[in-house]
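Q:
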């Protein structure tokens with residue numbers, strides 16, 4: 027009854043949003059006139075424009091995101107597309123520290139520009155993409171010939187990547203200084219006496235891994251150091267099977283005739299799994315084998331001993347990707363690929 031009396035007397039509920047109709051009624055003009063004034067369009071004389079704006083300010087009118095989107099043709103939302111990795115569900119990827127930090131940093135950067143961020147489920151057809159109203163998409167960790175590119179291009183949705191797919195060189199990308207980071211880590215291991223280095227990666231076709239291994243072999247060629255690359259398991263993996271395969275590969279390598287004196291894990295959590303496997307073979311870390319990881323996360327600090335790692339600053343990569351994407355959406359020419367720094371964190375394992 028109280029609300030009815032307020033409505034009948036022309037009063038508004040304190041929580042009700044001021045609408046464009048309210049502004050038009052209070053200003054004594056048409057909806058079209060208010061729309062033209064607030065959107066800077068149409069032919070409206072200066073006195074009427076000032077009057078409408080004054081009324082809108084006095085009433086506290088704030089354009090809704092939906093209305094603004096209809097007027098501009100934008101949703102003011104950008105999508106984050108997680109990689110589709112074998113048996114790992116999107117929810118499992120979000121449990122990873124890496125992707126969690128990327129989502130948070132992307133959201134913070136987008137909010138600075140009055141944009142929202144949506145984490146997209148996997149998509150395999152344009153109709154899947156059409157379910158989501160996004161102005162652009164950040165593709166995270168593309169693999170070789172990643173099908174997401176073709177779908178986004180077909181849907182004419184602007185997109186950038188975190189990570190690089192060389193088959194799409196025209197798509198703006200953010201990538202860490204992988205070669206600089208690898209050089210710092212390899213040099214550190216060599217200075218600690220390592221001469222036989224094993225690099226263990228996940229069975230994922232990331233260009234970053236290929237570039238790093240190729241660089242490591244070139245780096246070692248004239249330094250009296252050998253570098254071998256091993257892949258833990260096959261492409262159809264779960265989180266549990268992946269780490270089990272890392273431990274198995276570590277044990278096999280350490281029991282071989284030419285056992286490595288340093289092992290680098292090339293996936294989140296590999297360092298701790300390698301150290302645990304080394305302990306199971308009675309190898310001491312770092313006295314018998316030095317252990318490192320190419321990404322830094324909670325597991326590197328929680329392991330005993332703590333694992334030397336490369337901090338690839340996922341927060342910086344995420345913010346740079348949002349900036350690149352917003353340039354594309356606004357039809358500004360992006361600056362080109364962005365290379366972000368990598369920092370070596372030396373700890374007890376080496």
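In my numbering, the protein residues as written are 27 to 376. C-beta atoms are modelled at their ideal positions from N, C-alpha and C, and glycine is treated no differently.
#1: For a minimum of 3 consecutive residues, which ranges assigned as the beta strand (DSSP E) are wholly contained in the segment 177–246?
#2: Give every residue of the same chain whose Cβ lies closer than 6 Å to the Cβ of residue 334, excluding the five residues on either side of it in the sequence, and list them in chain order.
#3: DSSP has residue 300 in a bridge; who is on the other side?
#4: So the beta strand (DSSP E) residue 142 belongs to, where does it begin and stop?
#5: Do residue 253 and residue 225 come within 8 Å of each other at the CB atom, strictly closer than that value?
#6: How is residue 31 classed by DSSP in three states: helix, strand or coil?
#7: Kindly indicate which three-state DSSP category residue 36 falls into: helix, strand or coil?
#8: State the beta-bridge partners of residue 365 as determined by DSSP.
#9: Beta carbon of residue 161, beta carbon of residue 87: below 8 Å?
#10: Please classify residue 70: does DSSP put it in a helix, a strand, or coil?
#11: Can you list, in chain order, the residues of its chain whose CB lies under 6 Å from that of residue 364, leaving out five sequence neighbours each side?
#12: Which class does residue 334 belong to by DSSP, given the choice of helix, strand or coil?
#13: Is the beta carbon of residue 352 sitting closer than 8 Å to the one on residue 139?
#14: Locate the alpha helix (DSSP H) running through residue 139, then write down its first and last residues.
#15: Leaving out the 5 sequence neighbours to the left and right, which residues in its chain are closer than 6 Å to residue 322 when beta-carbon positions are compared?
#16: So, are the CB atoms of residue 63 and residue 70 less than 8 Å apart?
#17: Hey, out of 327, 256, 288 and 53, whose CA is closest to residue 310's CA?
#18: Per DSSP, what are the beta-bridge partners of residue 370 in this structure?
#19: If you draw a straight line from the alpha carbon of residue 104 to that of residue 143, how long is it in whole angstroms?
#20: Between the segment 186–197 and the segment 209–222, do three or more beta carbon pairs fall short of 8 Å?
#21: Please classify residue 84 as buried or exposed, where buried requires at least 16 neighbouring CB atoms within 10 angstroms.
#22: How do the segment 270–285 and the segment 231–245 stand: do at least 3 beta-carbon pairs fall below 8 Å, yes or no?
#23: How would you call residue 295, buried or exposed, if buried means at least 16 neighbouring beta carbons within 10 angstroms?
#24: Run through DSSP, which three-state label would residue 166 get?
#25: Quick one: using the 10 Å Cβ neighbour count with 16 as the cut-off for buried, is residue 248 buried or exposed?
#26: Is the separation between the beta-carbon of residue 183 and that of residue 164 shorter than 8 Å?
#27: Going by beta-carbon coordinates alone, are residue 106 and residue 166 separated by less than 8 Å?
#28: Could you spell out where the beta strand (DSSP E) holding residue 316 opens and where it closes?
#29: Under a Cβ-count criterion, where at least 16 other Cβ atoms within 10 Å of its own Cβ denotes burial, should residue 320 be classed as buried or exposed?
#30: Taking the CB atoms as reference points, tell me whether residue 366 and residue 202 lie closer together than 8 Å.
#31: Could you check what DSSP says for residue 286 in three-state terms: helix, strand or coil?
#32: According to DSSP, simplified to helix, strand and coil, what is residue 105?
#33: Which class does residue 375 belong to by DSSP, given the choice of helix, strand or coil?
#34: Would you list the residues sitting across from residue 355 in a DSSP beta bridge?
#35: Return the bridge partner residues of residue 254 from the DSSP annotation.
#36: Pop quiz: residue 290 and residue 223 are said to be a contact at Cβ under 8 Å. What is the actual Cβ separation, rounded to whole angstroms?
A: Straight from the coordinates:
#1: List check, beta strand (DSSP E) in window: 185–188, 199–202 and 222–227.
#2: Looking up residue 334 in the chain shown gives position 308. 318, 372, 373, 375 and 376, listed in sequence order.
#3: By 1-based counting over the chain shown, the position of residue 300 is 274. Looking at the DSSP assignment, residue 300 forms no beta bridge with any residue, so it has no partner.
#4: For the purposes of this step, residue 142 is taken as the residue at position 116 of the chain shown. Residue 142 -> beta strand (DSSP E) spans 142–146.
#5: Counting from 1 along the chain shown, the entry for residue 225 is found at position 199. Counting from 1 along the chain shown, the entry for residue 253 is found at position 227. With respect to the 8 Å criterion, residue 225 and residue 253 are classified as neighbours on the basis of their beta carbons.
#6: Position 5 of the chain shown, counting from 1, holds the residue named residue 31. Because the pLDDT at residue 31 is just 39, under 50, the model does not fix this residue reliably, and the value given afterwards should be weighed accordingly. Secondary structure of residue 31 (DSSP, three-state): helix.
#7: For this step, residue 36 is matched to residue 10 along the chain shown. For residue 36, the pLDDT reaches just 45, beneath the cut-off of 50, and the residue's location in the model is therefore unreliable, leaving the point undetermined.
#8: Numbered from 1 along the chain shown, position 339 holds the residue referred to as residue 365. Its beta-bridge partners are 201.
#9: In the chain shown, residue 161 corresponds to position 135, counting from 1. In the chain shown, residue 87 corresponds to position 61, counting from 1. Annotated as distal: residue 161 and residue 87, with beta-carbon spacing of 8 Å or more.
#10: Walking along the chain shown from the start, residue 70 turns up at place 44. If DSSP states are grouped into helix, strand and coil, residue 70 belongs with coil.
#11: As a first step, residue 364 is located in the chain shown; it is residue number 338 there, counting from the start. So the list reads 200 and 346, once near-sequence residues are dropped.
#12: As a first step, residue 334 must be located in the chain shown, where it is residue number 308. In this structure, residue 334 counts as strand in the three-state DSSP scheme.
#13: Start at 1 with the first residue of the chain shown, and residue 352 comes out as number 326. Start at 1 with the first residue of the chain shown, and residue 139 comes out as number 113. Yes, Cβ-Cβ distance for residue 352 and residue 139 is below 8 Å.
#14: Your numbering for residue 139 matches position 113 in the chain shown. Neither: residue 139 is in no alpha helix (DSSP H) and is coded neither H nor E.
#15: Taking the first residue of the chain shown as position 1, residue 322 is located at position 296. If we look at residue 322 and ignore the five residues flanking it on each side, its Cβ neighbours are 335, 337 and 371.
#16: The sequence position of residue 63 within the chain shown is 37, counting from 1. The sequence position of residue 70 within the chain shown is 44, counting from 1. Yes. Within cutoff.
#17: Against the chain shown, residue 310 aligns to sequence position 284. Comparing Cα-Cα distances from residue 310 to each of 327, 256, 288 and 53, the minimum goes to 288.
#18: Position 344 of the chain shown, counted from the first residue, corresponds to residue 370. Partner residues in the beta bridge of residue 370, as assigned by DSSP, are 336.
#19: Stepping through the chain shown from its first residue, residue 104 is reached at position 78. Stepping through the chain shown from its first residue, residue 143 is reached at position 117. Using only the alpha carbons, I get a separation of about 5 Å.
#20: Inter-segment contact for the segment 186–197 and the segment 209–222 is absent: fewer than three beta-carbon pairs are separated by less than 8 Å.
#21: Your numbering for residue 84 matches position 58 in the chain shown. So residue 84 ends up on the exposed side.
#22: Short answer: they don't touch.
#23: Taking the first residue of the chain shown as 1, we reach residue 295 at position 269. Buried is the call here.
#24: Walking along the chain shown from the start, residue 166 turns up at place 140. Note: residue 166 maps to strand in three-state DSSP.
#25: The residue labelled residue 248 in the question sits at position 222 within the chain shown. Label assigned to residue 248: exposed.
#26: Translated into the one-based positions of the chain shown, residue 183 becomes position 157. Translated into the one-based positions of the chain shown, residue 164 becomes position 138. Residue 183 is not a Cβ neighbour of residue 164, given a cutoff of 8 Å.
#27: Your numbering for residue 106 matches position 80 in the chain shown. Your numbering for residue 166 matches position 140 in the chain shown. A contact, by the Cβ cut-off of 8 Å.
#28: Mapped onto the chain shown, residue 316 falls at position 290. Counting along the chain, the beta strand (DSSP E) containing residue 316 begins and ends at 316–319.
#29: Locating residue 320 in the chain shown gives position 294, where the first residue counts as 1. Flag for residue 320 reads buried.
#30: Indexing the chain shown from 1 puts residue 366 at position 340. Indexing the chain shown from 1 puts residue 202 at position 176. Taking 8 Å as the Cβ cut-off, residue 366 and residue 202 qualify as a contacting pair.
#31: Here residue 286 corresponds to residue number 260 of the chain shown, with the count starting at 1. Here residue 286 sits in coil by DSSP.
#32: Locating residue 105 in the chain shown gives position 79, where the first residue counts as 1. Residue state for residue 105 is assigned as strand, using DSSP reduced to three classes.
#33: For the purposes of this step, residue 375 is taken as residue 349 along the chain shown, with counting starting at 1. It is coil, neither helix nor strand.
#34: Counting from 1 along the chain shown, the entry for residue 355 is found at position 329. As far as DSSP is concerned, residue 355 takes part in no beta bridge.
#35: The sequence position of residue 254 within the chain shown is 228, counting from 1. Secondary-structure assignment with DSSP links residue 254 through a beta bridge to 224.
#36: Here residue 290 refers to the residue found at position 264 of the chain shown. Here residue 223 refers to the residue found at position 197 of the chain shown. Between residue 290 and residue 223, the beta carbon gap of about 7 Å places them in contact (Cβ cut-off 8 Å).
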